[in-house]
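Step one of this worksheet: look at the structure below.
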Amino acid sequence: MTDGHPVVARLYDTVMAVPERTMLPEHREALADGLSGRVLEIGAGTGAMFSYYDEGVELHAVEPDPHMRKQASERVTELGASVELSDASGESLPYDDNSFDAVVASLVFCTIPDHEAALSEVARVLKPGGEFRFLEHVRADGALGHAHDLLAPAWHTVAGGCHLNRETGVLFREDDRFELLSYEHRDGVTPMVRGRMRRRGNGGLRGVLGLD
Ligand SMILES: C[S@@+](CC[C@H](N)C(=O)[O-])C[C@H]1O[C@@H](n2cnc3c(N)ncnc32)[C@H](O)[C@@H]1O
19 MTDGHPVVAR LYDTVMAVPE RTMLPEHREA LADGLSGRVL EIGAGTGAMF SYYDEGVELH
79 AVEPDPHMRK QASERVTELG ASVELSDASG ESLPYDDNSF DAVVASLVFC TIPDHEAALS
139 EVARVLKPGG EFRFLEHVRA DGALGHAHDL LAPAWHTVAG GCHLNRETGV LFREDDRFEL
199 LSYEHRDGVT PMVRGRMRRR GNGGLRGVLG LD
């Protein structure tokens with residue numbers, strides 16, 4: 019599907035080692051907390067989330083980069099976990115409508131080329147009442163935001179297609195296919211947002227207009 023980013027994939031776990039020990043466990047625990055049934059993780063990378071899900075979860079994961087996916091597959095083996103890992107992108111999920119109890123996205127909407135299409139796919143595959151949980155870095159406000167804008171093109175090249183200055187939180191919050199359950203914004207050099215949204219039935223404005 020894609021040649022991917024072999025160098026980024028090789029360095030990913032090393033670069034993330036400190037945050038994985040310090041600031042990320044709290045977020046990853048919250049993303050997986052209490053999930054049950056059929057769960058989909060999009061852009062699973064090297065599988066850093068896999069150890070956080072409860073054993074009873076029927077976990078499916080998509081990852082389009084073959085180098086990332088290989089490492090994710092190795093992690094599944096190491097953990098002795100059961101994960102149905104597929105070569106697919108967030109913009110074109112190979113699953114039926116209304117087929118998941120929850121969808122998880124961790125640090126991935128920054129990288130998905132057509133993030134609006136991917137959010138539509140999340141809405142499509144989630145059962146009404148199902149949860150979309152996310153952790154994303156977003157564009158900062160003020161002068162730092164302008165710095166993000168300036169750095170974004172170079173960052174996109176060196177960071178495997180990541181958009182440093184995406185307003186992902188705004189995209190999510192304003193989508194009326196979902197009811198916002200929780201939303202937390204953490205300031206920093208790269209501000210982070212974490213949240214949970216519930217898939218509405220077809221009663222949202224988009225449903226009424228036939229756009230759902
Ligand atoms: C920053 S990594 C995050 C990996 C993992 N979710 C985590 O929390 O560590 C972003 C991931 O998104 C994947 N990705 C890129 N384009 C994608 C797409 N169109 N659909 C789904 N995932 C994509 C990349 O291959 C990469 O593995």
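All residue numbers for the sequence shown refer to this note's numbering, where the first residue is 19 and numbers rise by one. Ideal Cβ placement from N, Cα and C applies to all residues, glycine included. Being a predicted model, the structure only gives us computed values, none of them experimental.
Considering only the beta carbon of each residue, do residue 77 and residue 101 sit closer than 7 Å? Cβ atoms of residue 77 and residue 101: closer than 7 Å.
Just mark residue 61 as buried or exposed, buried being the case when its beta carbon has 16 or more other beta carbons within 10 Å. Buried is the call here.
Looking at residue 86 and ligand 1, is the gap between the Cβ and the nearest heavy atom below 6 Å? It does: the Cβ of residue 86 is within 6 Å (strictly closer) of some heavy atom of ligand 1.
Quick one: Cα of residue 207 to Cα of residue 125, how far? Each residue's Cα considered, the two are about 15 Å apart.
Let me check you understand the geometry: is the CB of residue 111 closer than 6 Å to at least one non-hydrogen atom of ligand 1? No - ligand 1 has no heavy atom lying nearer than 6 Å to the Cβ of residue 111.
Residue 221 to residue 48, Cα distance in whole Å? For residue 221, the predicted structure reports a pLDDT of 49, less than 50, and the residue's modelled location is therefore unreliable. A value from the coordinates is still provided. If you draw a straight line from the Cα of residue 221 to the Cα of residue 48, it is about 28 Å long.
Is residue 107 buried or exposed, if buried means 16 or more other CB atoms sit within 10 Å of its CB? Counting C-beta atoms within 10 angstroms of its own C-beta, residue 107 has 16 or more neighbours from the protein chains shown and is therefore classed as buried.
Whole angstroms is fine: what's the gap from residue 133's alpha carbon to residue 139's? Each residue's Cα considered, the two are about 10 Å apart.
Ligand 1 and residue 156: does any heavy atom of the ligand fall closer than 6 Å to the residue's C-beta? Checking the Cβ of residue 156 against ligand 1 gives no.
Backbone CA spacing between residue 55 and residue 79 [nearest angstrom]: About 14 Å.
List the DSSP bridge partners of residue 201. Looking at the DSSP assignment, residue 201 forms a beta bridge with 213.
Exposure label - residue 43; buried when at least 16 CB within 10 Å: Counting of Cβ neighbours within 10 angstroms places residue 43 among the exposed residues, the total staying below 16.
Local Cβ density within 10 Å of residue 215, reported as buried at 16 or more and exposed below that: When all chains shown are included, residue 215 counts as buried.
Could you tell me whether any non-hydrogen atom of ligand 1 is closer than 6 Å to the CB of residue 82? At a threshold of 6 Å, residue 82 counts as near ligand 1, since its beta carbon sits closer than that to one of the ligand's heavy atoms.
Is the beta carbon of residue 57 within less than 6 Å of some heavy atom of ligand 1? Relative to ligand 1, even the nearest heavy atom lies 6 Å or more away from the CB of residue 57.
Is the CB-CB distance between residue 45 and residue 153 below 7 Å? Yes, these two residues count as a Cβ contact at 7 Å.
What number of angstroms, rounded off, separates the C-alpha of residue 66 from the C-alpha of residue 58? Their Cα atoms are separated by approximately 14 Å.
My parser needs the alpha helix (DSSP H) runs of 4 or more residues fully inside the stretch 52 to 109; what are they? If we require 4 residues or more, the alpha helix (DSSP H) runs fully inside the stretch 52 to 109 come out as 84 to 97.
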